[in-house]
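Asks: The structure is given below, and queries will be raised subsequently.
Protein chains: 2
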Amino acid sequence: MGTTGQLSAVPEPKYWHLRTVLLKAIDTEFSTGQVLPNERELSARFGVARATLRQALDQLELEGRLVRRRGIGTLIAAPRVGVPVNRQEEGWPGAARSQAWRTVDCTTAPASAALAKGLGIAEGATVHTVRRVRLVEGRAMATESLHVPAAALPHLPGFRAESDRARSVLRQLERLEVDGESRAVELGVAEAEEAALLERPPGSPVLVMTTQYAAAGRLVALAVSTYRADTCKLTFGETGLVEVTPVGAAEGVRTAS
Amino acid sequence: MGTTGQLSAVPEPKYWHLRTVLLKAIDTEFSTGQVLPNERELSARFGVARATLRQALDQLELEGRLVRRRGIGTLIAAPRVGVPVNRQEEGWPGAARSQAWRTVDCTTAPASAALAKGLGIAEGATVHTVRRVRLVEGRAMATESLHVPAAALPHLPGFRAESDRARSVLRQLERLEVDGESRAVELGVAEAEEAALLERPPGSPVLVMTTQYAAAGRLVALAVSTYRADTCKLTFGETGLVEVTPVGAAEGVRTAS
DNA sequence: GAGTGGTCTAGACCACCGG
DNA sequence: CGGTGGTCTAGACCACTCC
Chain A
1 MGTTGQLSAV PEPKYWHLRT VLLKAIDTEF STGQVLPNER ELSARFGVAR
51 ATLRQALDQL ELEGRLVRRR GIGTLIAAPR VGVPVNRQEE GWPGAARSQA
101 WRTVDCTTAP ASAALAKGLG IAEGATVHTV RRVRLVEGRA MATESLHVPA
151 AALPHLPGFR AESDRARSVL RQLERLEVDG ESRAVELGVA EAEEAALLER
201 PPGSPVLVMT TQYAAAGRLV ALAVSTYRAD TCKLTFGETG LVEVTPVGAA
251 EGVRTAS
Chain B
1 MGTTGQLSAV PEPKYWHLRT VLLKAIDTEF STGQVLPNER ELSARFGVAR
51 ATLRQALDQL ELEGRLVRRR GIGTLIAAPR VGVPVNRQEE GWPGAARSQA
101 WRTVDCTTAP ASAALAKGLG IAEGATVHTV RRVRLVEGRA MATESLHVPA
151 AALPHLPGFR AESDRARSVL RQLERLEVDG ESRAVELGVA EAEEAALLER
201 PPGSPVLVMT TQYAAAGRLV ALAVSTYRAD TCKLTFGETG LVEVTPVGAA
251 EGVRTAS
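Chains A and B are the protein sequences, given in the same order.
If you use full-length UniProt numbering, the first sequence corresponds to residues 1 to 257, in order.
If you use full-length UniProt numbering, the second sequence corresponds to residues 1 to 257, in order.
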């Protein structure tokens with residue numbers, strides 16, 4: 001990486017120009033896992049205040065190009081992991097290759113107004129909520145709150161220990177024939193508990209995915225999942241006919257073209 | 001909104017606590033379009049430096065709760081717009097209700113390495129690229145670069161004016177029978193040109209969606225779309241059987257539960 | 001011109017990590 | 001312990017919008 005980096009006059013902010021310079025350096029002179037010079041060193045080298053440098057690093061971290069670790073340094077991030085989110089492969093409890101989820105807890109409570117609306121049931125109706133963490137290669141990638149109206153699980157056995165109840169709910173869901181799902185994805189930030197489960201500080205960006213599952217013409221579950229935006233790329237597989245080359249082969253198309 | 005807001009001792013950073021306080025105020029005391037007191041006023045009221053207050057506002061803006069306009073003030077944001085992204089309804093050129101796209105330009109050039117890989121063709125092969133902007137309610141919500149190998153469009157007429165060529169490419173695509181698509185969504189930031197098309201400053205967060213379209217067992221197009229993360233919520237409709245209550249009815253489930 | 005958010009500075013102290 | 005990133009401060013000036 002060059003010594004100065006020639007901050008141009010100024011139609012564009014310094015931090016943005018810095019980001020560009022650093023990005024090029026990352027692409028050409030560093031590789032995954034390497035540590036950058038520390039912030040005080042970098043800010044001196046580029047002749048800017050540390051806060052300004054940090055603004056540039058913030059951008060690059062948001063883009064998933066850098067990882068900053070307190071007490072360690074700033075590292076070049078690994079490319080984002082493609083995380084499949086279709087029901088068949090991974091999303092639905094107990095399906096094929098899923099030891100990928102770890103159940104955190106399970107509660108049973110009356111539905112809040114918002115939750116009732118999302119599930120299309122009456123406010124105050126009993127709802128089971130299973131919280132799970134999705135693991136990819138052993139690392140926590142997402143949290144999920146799976147809300148299921150008690151009415152949708154007629155055969156659920158009576159009270160049990162919490163972990164048993166979670167298992168029961170999940171097992172019951174497996175048996176339902178889900179014939180439709182509707183998803184939405186938006187940007188959010190991790191709140192305290194989520195952040196802890198994801199091993200990230202509060203305020204970290206997440207991709208919030210909301211999924212409504214339908215069976216026999218009725219909604220039977222509402223899942224709210226928060227995926228770490230720094231390390232995850234959500235991939236939506238095709239139920240269709242052709243096996244398409246996995247997305248991710250497209251790495252770098254956006255900027256390189 | 002209270003006058004002080006009682007910043008607690010400190011296991012949690014001030015800016016994060018501030019965010020919480022402001023979030024509650026937004027939910028209870030303000031409504032869409034209202035302007036907050038200015039930053040100097042707010043920072044004084046909460047007894048913090050302006051930079052600290054801004055850190056809290058940054059978070060809320062990332063969450064899509066605030067919009068800041070230079071020279072105007074900080075406003076309460078409208079809820080995010082649900083933007084459908086399935087091929088049938090909106091994504092594919094010329095489909096049903098689409099006057100929703102505005103073509104920006106159309107270029108024909110050899111494929112870069114990354115692009116060739118994404119399309120499964122040889123590097124340097126000729127590719128048509130149509131850039132478009134997606135409009136929702138008249139506002140620019142996304143940009144798209146649609147890359148199509150020339151080889152996939154055998155009947156494309158010879159050279160023409162750029163706007164005509166764009167039209168031709170899109171029309172040819174309509175005629176192909178697409179039988180598969182593979183999507184990925186991740187977080188990114190808007191670069192200069194994108195940012196301009198989206199009427200946002202560079203560095204604004206975007207949801208980057210990469211879509212591979214297949215027809216007759218081969219990839220025929222690669223689309224890279226960048227959606228404004230502040231105002232968009234991507235919704236994935238079901239090709240399935242049941243008409244599911246639109247996601248968005250689930251508003252507020254995540255925090256309220 | 002007055003008022004807004006956007007950028008930038010130069011410093012300070014803290015929390016965490018490793019040897 | 002020294003070194004790292006994380007937070008916070010108090011100020012300055014700029015770019016923009018509206019009157």
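Think of the CB as a built atom: it goes at the ideal place given N, C-alpha and C, for glycine as much as any other residue.
Which parts of the segment 165-198 of chain B are runs of the beta strand (DSSP E), unbroken and 3 residues or longer, counting only runs that do not cross its ends?
Replies: Whole beta strand (DSSP E) segments, 3+ residues: 178-189.
Asks: Once you ignore the five residues that flank B:Glu191 on each side, which residues in its own chain have a CB closer than 8 Å to its CB?
Replies: Once the five neighbours on either side are set aside, the close Cβ partners of B:Glu191 are Pro202.
Asks: Below 6 Å CB to CB, which residues in the same chain sit around A:Leu219 once its five sequence neighbours on both sides are set aside?
Replies: Excluding positions up to five away in sequence, the list reads Leu119, Gly120, Gln212.
Asks: When you compare the CB of B:Pro202 with every CB in chain A, is at least one pair closer than 8 Å?
Replies: Yes - at least one Cβ of chain A is within 8 Å of the one on B:Pro202.
Asks: Can you find a C-beta in chain A that's less than 8 Å from the C-beta of B:Val71?
Replies: Val is not the amino acid found at residue 71 of chain B; the sequence shown has Gly there. Chain A contact via Cβ: absent.
Asks: Give the secondary structure of A:Ser163 by DSSP, where H, G and I count as helix, E and B as strand, and everything else as coil.
Replies: Here A:Ser163 sits in helix by DSSP.
Asks: Out of B:Val208, B:Gly188, B:Ala221, state which residue places its alpha-carbon closest to the alpha-carbon of B:Leu176.
Replies: Here the closest residue by C-alpha is B:Ala221.
Asks: Short of 7 Å Cβ to Cβ, which residues in the segment 14-33 of chain A face chain B?
Replies: Cβ contacts with chain B: Trp16.
Asks: Using a beta-carbon distance below 8 Å, is B:Ala150 in contact with chain A?
Replies: Judged by the 8 Å Cβ criterion, B:Ala150 is not in contact with chain A.
Asks: Return helix, strand or coil for B:Ile26, following the three-state DSSP convention.
Replies: Of the three classes helix, strand and coil, the one that applies to B:Ile26 here is helix, per DSSP.
Asks: Please classify B:His128: is it buried, with 16 or more other beta-carbons within 10 angstroms of its beta-carbon, or exposed?
Replies: When all chains shown are included, B:His128 counts as buried.
Asks: Please report the straight-line C-alpha distance between B:Val253 and A:Leu115, rounded to a whole angstrom.
Replies: One C-alpha to the other measures close to 5 Å.
Asks: Work out the CA separation of B:Val67 and B:Glu61 for me, nearest whole Å.
Replies: Computed Cα separation, rounded: 6 Å.
Asks: Strictly under 8 Å for the Cβ-Cβ distance: is A:Phe46 near chain B by that measure?
Replies: Taking Cβ atoms only, chain B never reaches closer than 8 Å to A:Phe46, which makes this a no.
Asks: My output table needs one value for A:His147: the three-state DSSP class, helix, strand or coil.
Replies: Here A:His147 sits in strand by DSSP.
Asks: Between the segment 211-240 of chain B and chain A, which residues of the former have CB atoms less than 9 Å from a CB of the latter, in chain order?
Replies: The segment 211-240 of chain B vs chain A, Cβ under 9 Å: Thr211, Gln212, Tyr213, Ala214, Ala215, Ala216, Gly217, Arg218, Leu219, Leu222, Val224, Thr226, Ala229, Asp230, Cys232, Lys233, Leu234, Thr235, Phe236, Gly237, Glu238, Thr239, Gly240.
Asks: Of all the CB atoms in chain A, is at least one closer than 8 Å to the CB of B:Glu162?
Replies: No, because no Cβ of chain A sits closer than 8 Å to the Cβ of B:Glu162.
Asks: Just the C-alpha distance for A:Lys14 and A:Gln59, rounded to the nearest angstrom, thanks.
Replies: When rounded, the distance between both Cα atoms is 13 Å.
Asks: Output yes if chain B places a C-beta closer than 8 Å to the C-beta of A:Glu251; else output no.
Replies: Cβ-Cβ to chain B under 8 Å: yes for A:Glu251.
Asks: So, does the CB of A:Pro11 fall closer than 8 Å to a CB anywhere in chain B?
Replies: Closer than 8 Å: no.
Asks: Given 8 Å as the limit, is there contact between the segment 166-186 of chain B and the segment 129-149 of chain B, that is, 3 or more CB pairs closer than that?
Replies: Segments in contact, yes.
Asks: State the DSSP-derived secondary structure class of A:Gly118, mapped to helix, strand or coil.
Replies: Correct three-state label for A:Gly118: helix.
Asks: Distance check for B:Glu162 and B:Arg171, CA to CA, integer angstroms please.
Replies: Taking the straight line from one Cα to the other gives about 14 Å.
Asks: Check this for me: beta carbons of B:Ala223 and B:Glu174, under 8 Å apart or not?
Replies: No, these two residues do not count as a Cβ contact at 8 Å.
Asks: Between the Cα of B:Leu146 and the Cα atoms of B:Leu53, B:Val178, B:Gly71, B:Ser225, which residue gives the shortest distance?
Replies: When each option's Cα is compared against that of B:Leu146, the closest is B:Ser225.
Asks: Per the DSSP calculation, B:Arg102 is bridged to which residue(s)?
Replies: Answer by DSSP bridge pairing, in chain order: B:Val133.
Asks: Okay, do the segment 29-42 of chain A and the segment 70-77 of chain A touch, 3+ Cβ pairs below 8 Å being the bar?
Replies: In short, these stretches touch, since the Cβ pair count reaches three.
Asks: Going by beta-carbon coordinates alone, are A:Thr235 and A:Pro84 separated by less than 8 Å?
Replies: Against a cut-off of 8 Å, the Cβ pair of A:Pro84 and A:Thr235 comes out as a contact.
Asks: Let me see if you follow: with CB-CB separation under 8 Å, is B:Gln59 close to chain A or not?
Replies: Yes, its Cβ sits closer than 8 Å to a Cβ of chain A.
Asks: For B:Ala215, which residues from the same chain have a beta carbon less than 7 Å from its beta carbon, with the 5 sequence-adjacent residues on both sides left out?
Replies: Result list for B:Ala215: Leu176, Glu177, Val178, Asp179, in chain order.
Asks: Taking Cβ positions only, does A:Gly205 come closer than 8 Å to chain B?
Replies: Note that residue 205 of chain A corresponds to Pro in the displayed sequence, not to Gly. Judged by the 8 Å Cβ criterion, A:Pro205 is in contact with chain B.
Asks: If contact means a Cβ-Cβ distance below 8 Å, which residues of the segment 123-146 of chain A contact chain B?
Replies: Residues Thr129, Ser145.
Asks: I'd like to know whether the C-beta atoms of B:Leu57 and B:Phe46 end up nearer to each other than 8 Å.
Replies: The answer is no: Cβ separation not under 8 Å.
Asks: Start and end of the beta strand (DSSP E) containing B:Ala221?
Replies: Per DSSP, B:Ala221 belongs to the beta strand (DSSP E) from 218-228.
Asks: Our contact map puts A:Met209 next to A:Val185 with C-beta atoms below 8 Å; I'd like the distance itself, whole angstroms only.
Replies: Contact holds; Cβ gap of about 5 Å.
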